[in-house]
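Have a look at the structure below before the remarks.
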Amino acid sequence: MNNLGPIGVFDSGYGGLTVLREILKELPEYDYIYLGDNARAPYGNRSFEVVHEFTLEAVNYLKDRGCRLVILACNTSSAKALRTIQQIDLKHSKDEPFRVLGVIRPSTEIIGDLSKNNCVGILGTEGTIQSGSYKIELEKFSPNTTVIQQACPMWVPLIESNQHETAIGKKLIENDVYKLLSMSPAIDTIILACTHYPLIINHVREIVGEKIQVVSQGPIVAKKLHEYLQRNEFMETKLSKGGSCSFLTTEKASVFNSAAKQFLKQAITAVQIRL
Ligand code: DGL
40 MNNLGPIGVF
50 DSGYGGLTVL
60 REILKELPEY
70 DYIYLGDNAR
80 APYGNRSFEV
90 VHEFTLEAVN
100 YLKDRGCRLV
110 ILACNTSSAK
120 ALRTIQQIDL
130 KHSKDEPFRV
140 LGVIRPSTEI
150 IGDLSKNNCV
160 GILGTEGTIQ
170 SGSYKIELEK
180 FSPNTTVIQQ
190 ACPMWVPLIE
200 SNQHETAIGK
210 KLIENDVYKL
220 LSMSPAIDTI
230 ILACTHYPLI
240 INHVREIVGE
250 KIQVVSQGPI
260 VAKKLHEYLQ
270 RNEFMETKLS
280 KGGSCSFLTT
290 EKASVFNSAA
300 KQFLKQAITA
310 VQIRL
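For the sequence shown, the working numbering begins at 40 and goes up steadily by one.
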């Protein structure tokens, strides 16, 4: 692994595109490969073992394509697979430098500072919420912050199938937001802890009103990645800088292309691959 390589950005489906969009704004000079495992999405309700297996397959694929750094732009993968990949799977790799980073750690580093009441609401997939990752990480960075969580198992399927704006879709979203709010009147900050959710941020903002701020992770992850590269020259100098971005999906490419537009706000041409 002596050549320069791109940055891989992985998600179970389209959600990671909301993170990629912000990374491209913050760090346009690098080369990127986006991989969405749309054929097997959603990951949210899958077991630890399966999420680990699928995520590792994607990471290995991106590594074989020459990536030096892979961002798991998926909270479910970050919660259920990242630690094992970093501590066990990559430990045996002699190919250095190759790193995999997630989206939970960079988010929890700053979440505590965003809340005036020290009370934060987390909305995520069943897998992310059940893993307790946000509570565990926030305990390290902001031990005084109370974390209130609500799983939203229907949101990713609704967004992936473009039904989040139907009457039923909106009702399902409202129900989960009200469940979160009913757990504490002190919540003044809500984190959209799933990379699919920025697509419905306006709806969530309408439901909660102006007194509660609703935060999406894309800009946070992009800024933290920038800082990571400034701190880690051994990695930064291994990244190619051609300003390119290619898109891979395990779904039919034409399906991905048309749906990806609303996440990335630009037309793209993806290539279908098998993991
Ligand atoms: N975008 C993924 C996340 O951030 C969605 C997971 C899923 O496929 O359910 O968790």
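Just so you know, even glycine gets a beta-carbon here, dropped at the ideal spot from N, CA and C.
Checklist line | DSSP beta-bridge partners of Val253 | finding: Ile229
Check: Between Leu153 and Leu287, what straight-line distance do the alpha-carbon atoms span, to the nearest angstrom?
Finding: 35 Å
Checklist line | Cβ-based burial, Tyr173 [other Cβ within 10 Å; buried from 16] | finding: buried
Margin query: According to DSSP, is Ala190 part of a helix, a strand, or is it coil?
Written below: strand
Checklist line | Alpha-carbon to alpha-carbon, Val216 and Gln189 | finding: 8 Å
Notebook entry, point to check: Considering only C-alpha positions, which residue in the set Leu268, Leu238, Lys250 and Leu219 is nearest to Tyr69?
Noted result: Leu268
Notebook entry, point to check: Excluding the five sequence neighbours on either side, which residues of its own chain have a C-beta within less than 7 Å of the C-beta of Asn156, listed in chain order?
Noted result: Closer than 7 Å at Cβ, skipping near neighbours: Ala225 and Asp227.
Item checked: 8 Å contact criterion, which Ala299 and Ile307 should meet: CB distance rounded -> Indeed they touch by this definition, with Cβ atoms about 5 Å apart.
Checklist line | Bridge partner(s) assigned by DSSP for Ile212 | finding: Answer is none; Ile212 lacks a bridge partner.
Next item on the list: Note down the Cα distance separating Leu43 from Leu162, rounded to an integer number of angstroms.
Entry: It is roughly 37 Å from the alpha-carbon of Leu43 to the alpha-carbon of Leu162.
Margin query: Counting beta carbon pairs with one atom in the stretch 203–218 and one in the stretch 84–94, are three or more of them shorter than 8 Å?
Written below: no
Next item on the list: Find out if the Cβ-Cβ distance for the pair Ser223, Ile187 is shorter than 7 Å.
Entry: yes
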